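For reference, each letter of the sequence shown is one residue, going -5 to 133 in the working numbering.
Beta carbons: idealized from backbone N, C-alpha and C, even for Gly.
Please read these numbers as outputs of a predicted model, since none were measured by experiment.
Read the structure below first, then the notes.
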Amino acid sequence: AVVRAIDADIVARIEQACPLADISHASFLHACRIYLEATLAPDVRRIHVIECPAVLVGDRGRKLEQELAIAPLHAAMRGLAERGQLRGDSEACAHLVNGALDALAVWIGSHPDPNTAMERGMASFAACWSAWQGDGQQR
């Protein structure tokens, strides 16, 4: 229940700043930054980044990850693909993005200078993300 509450709060912040109906490459990167910034809060970091992955393993953990992370990311990827703004498979991209954001959240949160790590992490993520940018042709 605590994990769902934390996730709901993060998702609400993201949806307020970056509505899915208006998804673009720039707004998606902004949404990723909002997520990563949220994971820096001590309670969110402890529960969402450290404890949850360690405790919820196997099928239970995969189901929760599918519901709270993969499904919303997949919806965003489908929206981008429909606008011709995504190369590659939307479901596979959702899994790749989820893994990258999880890894960045761990690294940024444990870095001696989280602000610098955030900037470095987002710049690197944006560079990778730009390679997935589509041709702009509606699908």
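- Spanning the alpha carbons of residue 91 and residue 67 requires a straight line of approximately 8 Å.
- Annotation for residue 93: the continuous alpha helix (DSSP H) segment containing it runs 84 to 104.
- Assignment of residue 10 by DSSP, reduced to helix, strand and coil, places it in the helix class.
- When only Cα atoms are considered, residue 61 and residue 54 end up about 11 Å apart.
- Linking residue 93 to residue 77 through their CA atoms gives a straight-line distance of about 24 Å.
- Taking a contact as a CB-CB distance under 8 Å, the pair residue 126 and residue 82 counts as one, their CB atoms being some 6 Å apart.
- The region 11 to 20 and the region 96 to 115 do not touch, with fewer than 3 CB-CB distances between them shorter than 8 Å.
- The Cβ neighbour count for residue 1, taken over all protein chains shown within 10 Å, is at least 16; the residue is labelled buried.
- Note on residue 110: under 16 other CB atoms within 10 angstroms of its CB, so exposed under the neighbour-count rule.
- Buried is the label assigned to residue 27, since at least 16 other Cβ atoms lie within 10 Å of its Cβ.
- Looking only at -3, 31 and -4, the smallest Cα-Cα distance to residue 7 is reached by 31.
- Take residue 4, set aside five residues on each side of it, and the residues of its chain with a beta-carbon closer than 7 Å to its own are 29 and 32, in chain order.
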